[in-house]
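To keep things clear, I will list the structure first and then write my remarks on it.
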Amino acid sequence: MRSRALYLFFYLSASLSALTIDEAVKKTLKTHPTAQIATLQYESTVEASKSAHSAFLPRLDANMAYYPTRTYVMPVGGQFSTKQNDGFHADVTGTYSVWDFGRSRERYTSALHLQEGADSTKKLTQNELIEKVWNQYYGVAATASLIDTAEASVKFYESQFKQALNMRKNGLKTEADELRFKASLLEAQDRAGRAKIDYDKASLSLGILMGSDDFVRVDQSTLDQRCEALMLQNISIENLRQALRDNNPQLKGLRSSIHSAKDLSDAASHEKYGNVALVGSYGYDDSLSTYDSYQAGVVGSIPLYDGGKLSAEAQKSRIAYTIAQKEFENTERLLWQEVYGAYRDFKRADESIKSKESVIEATAKSLQLITGRYRQGLATYVDVLESQSTLDTAKSELAQVKYQKISAYAQMQKLLNQGCNNDVCK
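Residue 334 in the working numbering is what sits at position 30 of the sequence shown, and the numbering runs on without skipping anything.
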């Protein structure tokens, strides 16, 4: 029985062992379906580029045909006569596009731009996942801090309740003191229970994000350590927006889409000029007689009338090009609004942290004095409750502000393509 208990203890200890943020990021990028989908989509565009490049190479086709019965016309004595016979034909035909007014080149460069866009989309997906991991990871740490605050509050109210109970028995305090501290104790116990449930839910969510159904333990100290370590360079608003334009993977992908749409538009506008190709074939025929056939030459074609199809396709391509430009402009504005907001939130967080720390320090000293005065009968239980409530609120808000600072930093990392600048994304 004892060995089973030890085994269970070590098993739970291993399953709930704390992990680092880098380990969480690596596991998520390796196992998350959206990261795998983005990689497959990129590989698909690589193959599409190869397909578009094949237009520059010759093409060989093998053809075979067998006719059980076929009518052959032959001149006999100055007249034509017919004969029914079976027929077999086989040939190998080669074609090579000599000139199509640049359409093949434009389609190929369009495919390359789409490949670049898919690579940017893959980086965008990776950055988004990294931001989610950061938010979830430090969210677990912040919840652990709330548990500590709630448990410290439980101990305080428990101590005050016992003290009020003893003082009432000795006739120094009233029943109201005892009951009010008891109510505060029950509320603190409820907050601690809810905080533990929130911790379990956040811990499980982090595990699921990494591709596991296990609860993940995160040390509370990581919240303070990361918050103190994070810094942003002093950068002007103009340079910040330029950094967004240059580095954001979503904007890079849209820029590639613009180039791709422009190439397709140019290719569609050149369809009306036709093309020139080299054609050659070697064939074998077996019908009334057996013989080999050869042909080689140059074939040119120009579309004369197609019911307006080519002009409609060209206009549609031009519209797609304009839409791609407008999508880039709109997305750039929205992303700038995001990065500016995250930048201001990050800067403001440091001031809020200092303010909350000062409130905690002052309130802790005040609470110590008030509890001493309460024991001496110089303060009421209301004064004690108000001070403890203010202290609990300040501690909870401090943990939230630290989390918000880290969250703002993670958002900026995503928007500026800096979350995926190390080996974890390769």
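Where is the CB? At the ideal position from N, CA and C, for every residue including glycine.
- Looking at the DSSP output, P379 sits in a beta bridge with F384.
- Setting aside the 5 residues that flank it on each side, F384 is surrounded in the same chain by V377, M378, each with a C-beta closer than 8 Å to its C-beta; the list follows chain order.
- Looking from the CA of H393, the closest CA among I341, Y598, G604 belongs to Y598.
- Contact between the stretch 543-563 and the stretch 629-641 is present: three or more C-beta pairs spanning the two stretches fall below 8 Å.
- Here G611 carries a coil assignment [DSSP, helix/strand/coil].
- Y412 places its beta carbon less than 8 Å from that of H357.
- For Q599, the enclosing beta strand (DSSP E) covers residues 594-605.
- By the C-beta criterion, the stretch 561-578 is judged to be in contact with the stretch 611-627, since at least 3 inter-stretch pairs fall below 8 Å.
- Within the same chain, and ignoring the five residues on either side of I562 in sequence, the residues whose Cβ sits closer than 8 Å to its Cβ are Y625, A628, Q629, F632.
- For the pair L513 and V437, the CB atoms are nearer than the 8 Å cut-off.
- The Cβ atoms of S414 and S408 lie no closer than 8 Å to each other.
- Setting aside the 5 residues that flank it on each side, A339 is surrounded in the same chain by L333, T429, Q430, L433, each with a C-beta closer than 7 Å to its C-beta; the list follows chain order.
- Contact between the stretch 650-659 and the stretch 705-724 is established, with three or more Cβ pairs separated by less than 8 Å.
- About 4 Å separates the Cβ atoms of K556 and S424, confirming a contact at the 8 Å cut-off.
- Residue environment for T453: buried (at least 16 other C-beta atoms within 10 angstroms of its C-beta).
- D395 is positioned such that its CB atom lies closer than 8 Å to that of G587.
- For Y586, there is no enclosing alpha helix (DSSP H); the residue is found in the beta strand (DSSP E) stretching over 579-590.
- Counting C-beta atoms within 10 angstroms of its own C-beta, F360 has fewer than 16 neighbours from the protein chains shown and is therefore classed as exposed.
- In the DSSP secondary-structure assignment, W438 is not bridged to any residue.
- Taking the CA atoms as reference points, A487 sits about 32 Å from R521.
- Cβ-Cβ distances below 7 Å link I451 to A496, A499, K500, Y503 in the same chain, with the five nearest sequence neighbours on each side left out; the list follows chain order.
- For R484, the enclosing alpha helix (DSSP H) stretches over residues 479-513.
- For G723 and A646, the gap between their C-alpha atoms comes out near 15 Å.
- Taking each of A618, G584, Y595, V458 in turn and checking the Cα distance to V602, the smallest one comes out for G584.
- Around the beta carbon of E479, fewer than 16 other beta carbons sit within 10 angstroms, so the residue counts as exposed.
- If the five residues before and after D517 are omitted, its C-beta is found closer than 7 Å to the C-beta atoms of G511, all from its own chain and listed in chain order.
- A buried status is given to L558, since no fewer than 16 other beta-carbon atoms sit within 10 Å of its beta-carbon.
- Contact between the stretch 605-613 and the stretch 571-581 is present, with at least three C-beta pairs closer than 8 Å.
- Under the three-state reduction of DSSP output, M471 falls in the helix class.
- Judged by their CB atoms, L418 and S507 are not nearer to each other than the 8 Å cut-off.
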